[in-house]
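Take a look at the structure below.
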Amino acid sequence: MDPGEGGSPAAPSTSIAAPAFRAGPGADTREDAGKQVVVILVGPPGSGKSTFAEAVMAAAAGRPWARVCQDTIGKGKAGTKIQCLKAAADALKEGKSVFIDRCNLEREQRSDFVKLGCTVQADVHAVFLDLPAKVCISRSVSRTSHEGNVQGGMAAMVVNRMLKNKQAPLLTEGFSRITFCTDDDDIKKAVDMYSALGPSHSLASGVFGQKSKGPVQTGIMKFLKKADTSSVNKSSGTMVTSSERKTGQQNTTLKQENLEAGGACSMQVEKKLDNLKEKEEQSKERVSSDTSLCTLAFPSISTADFQFDLEKASEVIVDAATDFVQKHDNVRLVLVDLSQKSRILSLVKDKAAKKSFDSSRFFTFVGDITQLHSKGGLQCNVIANAANWRLKPGGGGVNAAIFNAAGEALQHATKECADTLRPGNSVAVPVPSTSPLHQQEGVTHVIHVLGPNMNPMRPDCLKNDYTKGCKVLHEAYNSLFENFATIAQSYTGKQNDETSSRKSASGVISPNDSKTKREGSDDSERTKKYNSMGSSDAPNQAREEDNKKNAAVTNKTWGSWAQSLYEVAMHPEKYKNADSILEISDEFVVLKDLYPKAKRHVLVISRTDGLDSLADVKKAHLPLLRSLHSAGLKWAHKFLEEDASLKFRLGYHSVPSMRQLHLHVISQDFNSPSLKNKKHWNSFTSAFFLDSVDVMDEVDQHGSATINPDEKLLAMELRCHRCRSAHPNIPKLKSHIAACKSPFPSHLLKKDKLLSASTMRAGCS
DNA sequence: GTTCTAGAAC
DNA sequence: GTTCTAGAAC
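Residues in the first sequence are numbered from 1 upward in steps of one, following the UniProt record's numbering.
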């Protein structure tokens, strides 16, 4: 069989498949008919778009390039988008490949340029110059002769405004290749790659260079590995379409050919494999191109770690799923499992076969639920997660895989929507557009589901009560599918409405929507019912474990320099004459911070021995936390009487540097020479700073505070705590905050987290 | 050249 | 937590 048959262009027989150069991941160039390329450079001012295009054009390997720059298109001055589109179309007609050199950070802004590719059948690529905001600001602030006049003091504002709305390019926009560059090294590699892209070469398709997840390997080596293990079906799913079945057969034939040839014709084999790979990708395309159906991929709930009987679970799945697809149009449900030998898949397949419904709208699929698009060719807008009750990552299985694949963004987005989940319930979380799961797999929502548990080692064990178990499992699937239907509805409605689908993707459809839903009467009824079923005290055990873990965190050794607060707390009388001690009680000492990070900054130090930090705090300490809080409030009020322009926050550092639990009372001007570095700034303005009111709530509800000990929080880029603008360094940040009059973020206005003269008055009245 | 950051030592 | 300082960034 000739693998070249079937319409893919035959490569020149004299050429070799492997490129003569290789410039980093994804530089999998092939010689072929020589398509033109439209490269859309995406990045804010200062990200180096023009430099990129100029560098490639200066070193280009024979391919004719044109650079379309909006900043110069009007006779050397800034022009319009229309002018750019026309110039690009003209250059393409002349046979040139084109760099689109305008920011194009939003999907809508670049969509017309993506369409250009269709007119001349050119490949459309995106190169996303996704450098840290502070680098772009820094560069654009300092440049003196920018073509578009984005320089000097205005630059920071422009860059910040643009970055607020940035949307990373997605394959679904119509790009055949997306290259992420997050530092100068990435940029250099990408420049080298495009420079070496000769007129008859083309670059491999896919997403390359995303740091959070390895590049999607689409090179020939991956395919060779596949061919060696004959595992095409295993990795690309069992929803064997006719085209895929054909590919599988070709693959086997090819392997035999290779063996017979004894490897002597390895070049030819490589070439054939290359063609086959393309064909395989085309077949994937056919599977995934059915985008008229909003698709939910879901794992079997409760049958893994929760040890729910597979036979019974499969009945529930088939019942709930077939019922759902019969009632809803334009949706597909796909039950996914990793292994081809999956018993739950075969049970479901068998049971579903006995029912009459449209089998293209509910089927099973073998593959990794986090890589359905890239590895399995199955486009799913929504995936379900078999979550734990705390909605926390880890624990192994699907939950760990999904949180891993989605990155931290999903953890934060989840936290926005819900803190915990009861068995039988689900919560839909919009996947942030920054998440690799969104960018690489096109997943816009993850729905966390908690099913019934039959494992005595896990919380809420139903002790083999399958009457309740099946009921709760049914509720879990119904809740999942209902949530999916809501998403599908908005999705279908917005398919032709780019703007609103963008909002949905970036999470502007407020997470509160799902929160409201979650807390709706239906759910609370269910929760009540479930509670009355006599759930075990296992969640408390889990919390107990949490507390132990937290204690272990604090089991660190404190340096001698970290002991001073402990000394003051244990023996305040020794220091009572010092100016810095403001108040001493049995429970706490109030101390002026020796190195205040704002105009007013005091510490309310607990006097309980052994309570080193927040991680040691348990429910029994709640009265103490309340005492510390009211002492803090009292002092904040006193300071507000002296200066009504101040605002205060009361809170704890997630991981304090000084031993002995202490509450910070700090004014929000951050006007102090002692605030010197990034760590200082981020420790008071990022999630590292835990508001006292939240801490008390959590300790009250869960017996401990949720601590995010992530050091990355302290290393984050410098952003204004009011308007969230980014700044390249501390001095620039400080001059900005001295002038910034933006309102504080809304989350601080809730629960009186931000104290001001007016909230104080309101509190008194 | 100066400014600024980040890591080591305390 | 701070101070000191090498060296990166400008």
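Virtual Cβ for every residue (Gly too), placed ideally from N, Cα, C.
Whole-angstrom distance between residue j and residue i, CA atom to CA atom
i, j, result
"residue 784", "residue 592", "What is shown of the chain runs 1 to 765, which leaves residue 784 out entirely."
"residue 187", "residue 129", "8 Å"
"residue 308", "residue 342", "15 Å"
"residue 759", "residue 155", "36 Å"
"residue 118", "residue 396", "44 Å"
"residue 487", "residue 618", "39 Å"
"residue 733", "residue 687", "19 Å"
"residue 665", "residue 594", "13 Å"
"residue 116", "residue 110", "10 Å"
"residue 81", "residue 88", "10 Å"
"residue 71", "residue 653", "46 Å"
"residue 540", "residue 430", "Note on residue 540: pLDDT 43, under 50, position unreliable in the model; the coordinate value appears next. If you take the alpha carbons of residue 540 and residue 430, they lie about 29 Å apart."
"residue 414", "residue 391", "7 Å"
"residue 632", "residue 623", "14 Å"
"residue 56", "residue 206", "21 Å"
"residue 313", "residue 300", "8 Å"
"residue 180", "residue 750", "38 Å"
"residue 768", "residue 674", "The question about residue 768 has no answer here: the residues shown for the chain are numbered 1 through 765."
"residue 403", "residue 369", "12 Å"
"residue 639", "residue 755", "11 Å"
"residue 108", "residue 439", "16 Å"
"residue 44", "residue 466", "57 Å"
Paired residues, beta bridge with residue i - DSSP
i, result
"residue 420", "None; residue 420 has no bridge partner."
"residue 294", "331"
"residue 561", "Note: residue 561 sits in no beta bridge, so no partner."
"residue 389", "Bridge partners of residue 389: none, in fact."
"residue 67", "99"
"residue 206", "177"
"residue 299", "336"
"residue 663", "604"
Nearest neighbour of residue i, chosen from the options [CA to CA]
i, options, result
"residue 427", "455, 385 and 468", "385"
"residue 99", "107, 60 and 38", "38"
"residue 433", "717, 84 and 406", "406"
"residue 608", "570, 46, 644 and 584", "570"
"residue 40", "392, 196 and 168", "168"
"residue 757", "682, 680, 645 and 711", "645"
"residue 172", "660, 124 and 331", "124"
"residue 480", "320, 206 and 82", "320"
"residue 394", "410, 88 and 383", "410"
"residue 636", "752, 383 and 372", "752"
"residue 436", "463, 408 and 422", "408"
"residue 694", "629, 743 and 639", "629"
"residue 350", "669, 390 and 311", "311"
"residue 725", "162, 60, 43 and 83", "162"
"residue 199", "415, 462, 34 and 610", "34"
"residue 36", "482, 77, 184 and 203", "203"
"residue 649", "642, 318 and 689", "689"
"residue 337", "663, 318, 715 and 367", "367"
"residue 557", "621, 412, 610 and 590", "610"
"residue 306", "456, 359, 330 and 670", "456"
"residue 316", "577, 360 and 424", "424"
"residue 720", "641, 731, 94 and 736", "736"
"residue 86", "113, 95, 106 and 105", "113"
"residue 642", "599, 564 and 143", "599"
Whole-number beta carbon distance between residue j and residue i, since they are thought to touch under 8 Å
i, j, result
"residue 53", "residue 67", "4 Å"
"residue 442", "residue 473", "Not quite, the Cβ-Cβ distance comes to about 29 Å (not below 8 Å), so this is no contact."
"residue 387", "residue 449", "6 Å"
"residue 657", "residue 601", "At roughly 15 Å, the Cβ-Cβ gap does not stay under 8 Å, so residue 657 and residue 601 are not in contact."
"residue 613", "residue 587", "Not quite, the Cβ-Cβ distance comes to about 17 Å (not below 8 Å), so this is no contact."
"residue 138", "residue 728", "4 Å"
"residue 126", "residue 159", "With 8 Å as the limit, residue 126 and residue 159 do not qualify as a contact, their Cβ atoms being about 19 Å apart."
"residue 297", "residue 372", "6 Å"
"residue 322", "residue 352", "7 Å"
"residue 101", "residue 136", "Their Cβ separation, rounded to whole angstroms, is 15 Å, which puts residue 101 and residue 136 out of contact at 8 Å."
Proximity test, residue i beta-carbon vs the ligand ATP heavy atom, cut-off 7 Å
i, result
"residue 57", "What this structure holds is no ligand at all, so the ligand ATP is not there to describe."
- Query: For the segment 114-142, which segments carrying the beta strand (DSSP E) assignment without a break, of at least 3 residues, lie completely within its bounds, in sequence order?
  - Reply: 123-129
- Message: List, from N- to C-terminal side, the alpha helix (DSSP H) runs of 4 residues or more that fit wholly inside the segment 615-651.
- Response: 622-642
- Can you check the segment 577-603 for any beta strand (DSSP E) of at least 3 residues that lies completely inside it and give the ranges in chain order? 581-584 and 588-592
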